[in-house]
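Sequence positions in the sequence shown follow the working numbering and run 199 to 369. Note that beta-carbon positions come from the ideal geometry of N, C-alpha and C, so glycine has one too.
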Amino acid sequence: MPAEEEAPPPAPEAPDEVEAPEEQAASDSECLSDIERQLLNAHNEARSQPRNCGSESYAAVPPLAWSCQLRDASEAHSEDMQIHNFFSHTGSDGGSAGDRITTEGYTWRQWGENIAAGYGTVDSVMQGWLDSPGHCSNIMNATATEMGAARVSGEGSQYSSYWTAVFARPQ
199 MPAEEEAPPP APEAPDEVEA PEEQAASDSE CLSDIERQLL NAHNEARSQP
249 RNCGSESYAA VPPLAWSCQL RDASEAHSED MQIHNFFSHT GSDGGSAGDR
299 ITTEGYTWRQ WGENIAAGYG TVDSVMQGWL DSPGHCSNIM NATATEMGAA
349 RVSGEGSQYS SYWTAVFARP Q
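As structure tokens, this is what we get:
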């Protein structure tokens, strides 16, 4: 198996930079593992700078807060993909990210989801997402105020690891 597998594709003006956030001590820190903290910090670092996502330009946007409910929805989806050996935004039960988020008790106004498979590190999955216009746009979406993310690794499926990041704004 190659060291890095190619991630499948994802189903305004940029005048000012936002100050890069300090490493966030999330209020939901009991559910924030080291790798999840790295994911949160990497997303917030990416959001702190103006960037182009394909042909769309985005201004720097405020940092995201961590949500244990969004993290749990992310982990459930990554685990589902790993266990059932598939790669899709639609779960093995036919559910969407919105369904998974609601199941975790999160009352959302809007949501977005990025998934990836086969990447070994936070840096590599972030680069893959930032290089993909759809994923990059989800990361730079100023409407989102919270995120949760997870990586699930295991044997017996096509990819060595499955990543899910969910971005949302609560009601």
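DSSP three-state assignment for residue i, whether helix, strand or coil
i       : result
Glu-344 : strand
Glu-302 : coil
Ala-257 : coil
Asn-283 : coil
Ser-296 : Sequence check: residue 296 is Gly here, not Ser. Three-state result, Gly-296: helix.
Gly-310 : strand
Asn-339 : coil
Pro-331 : helix
Ser-359 : strand
Ser-322 : helix
Glu-203 : With a pLDDT of 45 at Glu-203, under the threshold of 50, the modelled position of this residue cannot be trusted, and the question is left open.
Selection from the options that minimises the alpha carbon distance to residue i
i       : options                            : result
Gly-332 : Asn-242, Asn-239, Cys-251, Ala-274 : Cys-251
Val-364 : Thr-341, Asp-232, Glu-254          : Thr-341
Arg-249 : Gly-346, Ser-335, Gly-354          : Ser-335
Tyr-360 : Thr-300, Phe-284, Tyr-304          : Phe-284
Arg-245 : Ser-231, Glu-344, Glu-353          : Glu-344
Ser-351 : Thr-288, Gly-318, Gly-289          : Gly-318
Neighbourhood of residue i by C-beta, 7 angstroms cutoff - its chain only, sequence neighbours within 5 removed
i       : result
Ala-348 : Glu-234, Arg-269, Ser-272, Glu-273, Ser-276, Thr-362
Ala-145 : Residue 145 lies beyond the stretch modelled for the chain, which goes from 199 to 369, so this question has no answer here.
Ser-355 : Gln-280, Asn-283
Thr-305 : Pro-368, Gln-369
Glu-353 : none
Whole-angstrom distance between residue j and residue i, CA atom to CA atom
i       : j       : result
Ile-281 : Asp-291 : 13 angstroms
Glu-302 : Ala-314 : 21 angstroms
Gln-236 : Met-324 : 10 angstroms
Gln-267 : Met-338 : 21 angstroms
Pro-260 : Ala-366 : 13 angstroms
Glu-311 : Glu-228 : 23 angstroms
Ala-263 : Ser-294 : 22 angstroms
Leu-328 : Asp-278 : 24 angstroms
Leu-238 : Leu-230 : 9 angstroms
Ser-330 : Ala-258 : 18 angstroms
Glu-243 : Gly-289 : 29 angstroms
Thr-300 : Trp-309 : 11 angstroms
Supposed close pair residue i, residue j - CB separation, criterion 8 angstroms
i       : j       : result
Pro-368 : Arg-298 : Incorrect: roughly 15 angstroms between the Cβ atoms, too far for contact.
Gly-316 : Tyr-357 : 4 angstroms
Ser-286 : Gly-346 : With a Cβ gap of about 19 angstroms, Ser-286 and Gly-346 do not count as contacting.
Min CB distance residue i to chain B below 9 angstroms
i       : result
Asn-336 : Chain labels in this structure do not include chain B; a single protein chain is all it has.
Other residues of its chain near residue i: CB distance less than 8 angstroms, five sequence neighbours each side excluded
i       : result
Ser-253 : Pro-331
Gly-296 : Trp-306, Trp-309
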